[in-house]
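Inspection log for the structure reproduced underneath, given as structure tokens.
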Amino acid sequence: MSAVEKATPLDTRLGALEIPAGSFAAKARRAALDRLTAMGLPGRRDEYWRWTRADALSAADPVPAAPFVTDEVPVFDGLDRLKIVFRDGVFDAAASDPFALEGIEITRLAEAPELGWAAGFYGSLEEAGQTPVKRPFAALNTAAATDGVLIRVTGRPSKPVNLIYIHESDVSDPILHHCVKLEPGAELTLLENGPAGARFNKVLEVEVAEGARFHHVRAQGRDHERRAVTHIFARVAERGLFKSFTLTVNGVLTRNECVITLAGDDAVAHVAGAALGDGAHADFHHDDTVFITHDALNGESRQVFKKVLKHGAIGVFQGKILVKPGAQKTDGYQISQALLMDDDSQFLGKPELEIYADDVKCSHGSTTGALDETALFYLRSRGVPVEEAKALLVLSFLADAIDEIEDAALKDEIVARLEAWLARHRG
0 MSAVEKATPL
10 DTRLGALEIP
20 AGSFAAKARR
30 AALDRLTAMG
40 LPGRRDEYWR
50 WTRADALSAA
60 DPVPAAPFVT
70 DEVPVFDGLD
80 RLKIVFRDGV
90 FDAAASDPFA
100 LEGIEITRLA
110 EAPELGWAAG
120 FYGSLEEAGQ
130 TPVKRPFAAL
140 NTAAATDGVL
150 IRVTGRPSKP
160 VNLIYIHESD
170 VSDPILHHCV
180 KLEPGAELTL
190 LENGPAGARF
200 NKVLEVEVAE
210 GARFHHVRAQ
220 GRDHERRAVT
230 HIFARVAERG
240 LFKSFTLTVN
250 GVLTRNECVI
260 TLAGDDAVAH
270 VAGAALGDGA
280 HADFHHDDTV
290 FITHDALNGE
300 SRQVFKKVLK
310 HGAIGVFQGK
320 ILVKPGAQKT
330 DGYQISQALL
340 MDDDSQFLGK
350 PELEIYADDV
360 KCSHGSTTGA
370 LDETALFYLR
380 SRGVPVEEAK
390 ALLVLSFLAD
400 AIDEIEDAAL
410 KDEIVARLEA
420 WLARHRG
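Quick note: the sequence shown uses numbering that gives the first Met the number 0, first residue 0, plus one each step.
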């Protein structure tokens with residue numbers, strides 16, 4: 000990449016970034032800034048970004064606040080949960096619940112200069128995740144984050160923790176960094192959602208200790224000018240479980256990266272996503288990029304991603320399973336599928352396996368297709384209206400991804416959001 004290709008308005012702003020000595024994680028943030036300076040931001044010739052315009056995530060133009068949509072179905076509102084709200088990237092104490100829940104410690108990043116238990120943890124998984132693929136926006140986040148939460152789980156909290164992001168200003172660029180550490184045998188369900196859009200950069204680092212269980216469900220997007228890049232970095236120890244599901248609806252550009260290492264024997268990681276995009280009123284470009292490394296015996300991983308695209312929407316999936324020498328008995332599964340509702344939409348897939356062990360079971364696949372006309376005709380012949388029939392077929396197509404959510408109540412919340420989107424985007 001040439002210097003011209005790397006240069007963006009964000010590069011200029013980084014030159015003025017200061018990390019005061021007394022600020023939280025100053026050493027780790029300076030190291031991240033050094034990494035970012037060395038690698039630069041992605042250019043159009045960067046192979047890892049060849050299908051997604053990185054400059055749209057770093058441009059200087061403001062992102063409008065999202066309009067209020069009266070028929071938007073609130074997600075997770077029907078659940079008992081501990082709410083933590085960030086408004087334009089700033090913690091909103093009035094809208095948040097007290098950080099009081101048995102079996103868990105929660106601290107705001109901005110209020111923990113020494114970071115306590117997270118002193119050596121902040122940025123460590125992000126740094127490790129820069130090999131073998133560079134992830135500049137994650138390094139930017141570690142260097143420039145303004146807030147986030149530190150969550151240490153020692154038991155099994157009675158309800159989920161819900162991180163809520165609200166965007167009301169057209170000048171804010173929220174950069175949030177969260178650290179979650181589950182001690183041996185602990186369990187946590189973490190929810191994320193935001194009813195408004197922004198140019199948003201978020202990193203979530205998760206350490207799953209021996210026998211711990213982490214469940215993550217998030218809902219992204221709305222009918223608005225949302226541009227977001229998110230990263231999840233996770234390390235899973237022996238007999239640990241990591242499960243993450245993401246629902247994305249609309250938004251101009253979203254790139255979700257997930258980097259997971261199965262570091263202990265019998266570790267499990269499942270990552271799934273459902274994306275629905277309608278380009279009729281605004282551009283839609285959605286990119287899921289996943290990299291799972293098996294570095295121990297008997298590891299199990301699943302990547303299940305489904306996209307429904309219409310009116311010129313674009314979907315991207317880049318997924319990789321890396322099996323290191325000695326990671327025998329690995330079971331790795333990967334599938335990415337797109338349902339194109341018209342001829343104008345596009346799906347770009349790049350599934351990969353890289354295996355250095357000889358006793359493994361790994362598979363991958365990527366398919367693109369249209370609605371099953373035979374199934375549609377059958378439903379219509381039974382008196383089902385055409386739009387309802389299409390919605391039923393779409394939900395059936397997405398079922399494999401949605402079924403990765405274990406909790407029935409959470410699954411119902413996601414399905415309700417999907418049904419509402421389908422009702423609003425008929426035709």
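All C-beta atoms, glycine included, are put in the ideal place defined by N, C-alpha and C.
CB-CB length for residue i against residue j, believed under 8 Å
i    : j    : result
D411 : T188 : That belief does not hold up - the Cβ atoms of D411 and T188 are roughly 15 Å apart, past 8 Å.
I165 : T145 : Wrong, their Cβ atoms sit about 15 Å apart, outside the cutoff.
T141 : A27  : 7 Å
L308 : G276 : 5 Å
V228 : L32  : That belief does not hold up - the Cβ atoms of V228 and L32 are roughly 17 Å apart, past 8 Å.
N200 : I163 : Between I163 and N200 the Cβ distance is about 17 Å, and since that is not below 8 Å, they are no contact.
A337 : G314 : 5 Å
E237 : E209 : 5 Å
V179 : R416 : Wrong, their Cβ atoms sit about 24 Å apart, outside the cutoff.
H310 : G263 : So it is not a contact: roughly 45 Å between Cβ atoms.
A117 : L149 : 5 Å
A268 : V322 : At roughly 13 Å, the Cβ-Cβ gap does not stay under 8 Å, so A268 and V322 are not in contact.
D172 : K305 : Contact flag wrong, Cβ pair sits at about 30 Å.
A137 : E224 : At roughly 23 Å, the Cβ-Cβ gap does not stay under 8 Å, so A137 and E224 are not in contact.
Cβ-based burial, residue i [other Cβ within 10 Å; buried from 16]
i    : result
E125 : buried
G115 : exposed
D287 : buried
S395 : exposed
D265 : buried
P41  : buried
G119 : exposed
S22  : exposed
D342 : exposed
A408 : exposed
G426 : exposed
Y121 : buried
G77  : exposed
A388 : buried
Residue range of the alpha helix (DSSP H) that includes residue i
i    : result
S243 : Premise fails: S243 lies in the beta strand (DSSP E), 240-248, not in any alpha helix (DSSP H).
P350 : Segment 345-354 is the beta strand (DSSP E) holding P350; no alpha helix (DSSP H) there.
I404 : Run containing I404: none; DSSP gives neither H nor E here.
A271 : Taken as a continuous stretch (DSSP letters only), A271 belongs to no alpha helix (DSSP H), being part of the beta strand (DSSP E) at 267-277.
L35  : 25-38
S380 : 372-380
S57  : 54-57
E78  : The sequence shown places Leu at residue 78, rather than the Glu named in the question. No alpha helix (DSSP H) holds L78; DSSP gives it neither H nor E.
L139 : 135-143
Enclosing beta strand (DSSP E) for residue i [first to last residue]
i    : result
E237 : Unbroken run through E237: none, as it is neither H nor E.
Y121 : No beta strand (DSSP E) holds Y121; DSSP gives it neither H nor E.
K158 : Segment: none, K158 is in no beta strand (DSSP E) and carries neither H nor E.
A337 : 330-339
S365 : 360-368
G314 : 313-322
E204 : 198-207
E46  : First-last for E46: undefined, no H or E at that position.
A218 : 212-219
R151 : 148-152
Top-ranked residue by Cα proximity to residue i, from the options
i    : options               : result
T130 : M340, A111, I259, P97 : I259
A369 : A185, F75, V393, T247 : V393
H285 : Q345, G42, R423       : Q345
H424 : A390, L409, G147      : A390
T153 : L81, G184, K82        : G184
I401 : E418, D282, L339      : E418
E299 : K360, L139, A93, N249 : K360
A503 : R52, L261, A127       : This structure leaves residue 503 out entirely; the chain is present only between 0 and 426.
S168 : N249, G88, L321, I320 : G88
8 Å Cβ cutoff, residue i in contact with chain D
i    : result
Q345 : Of the protein chains in the structure, only one exists, and it is not chain D.
Three or more C-beta pairs closer than 8 Å, one from the region 347-359 and one from the region 372-386: is that the case here?
-> Contact fails: fewer than three Cβ-Cβ distances are below 8 Å.
Flag this pair as touching only if the region 332-348 and the region 358-366 have three or more C-beta atom pairs under 8 Å; answer yes or no.
-> The region 332-348 vs the region 358-366: in contact.
Three CB pairs or more closer than 8 Å across the region 37-47 and the region 143-163 | Contact fails: fewer than three Cβ-Cβ distances are below 8 Å.
Are there three or more Cβ pairs, one per stretch, closer than 8 Å when the region 199-216 is compared with the region 229-247?
-> In short, these stretches touch, since the Cβ pair count reaches three.
When the Cβ atoms of the region 208-216 are set against those of the region 239-249, are three or more pairs found closer than 8 Å?
-> Short answer: they touch.
Is the region 368-380 in contact with the region 265-276, if contact means three or more CB pairs nearer than 8 Å?
-> With the cut-off at 8 Å, the region 368-380 and the region 265-276 do not touch.
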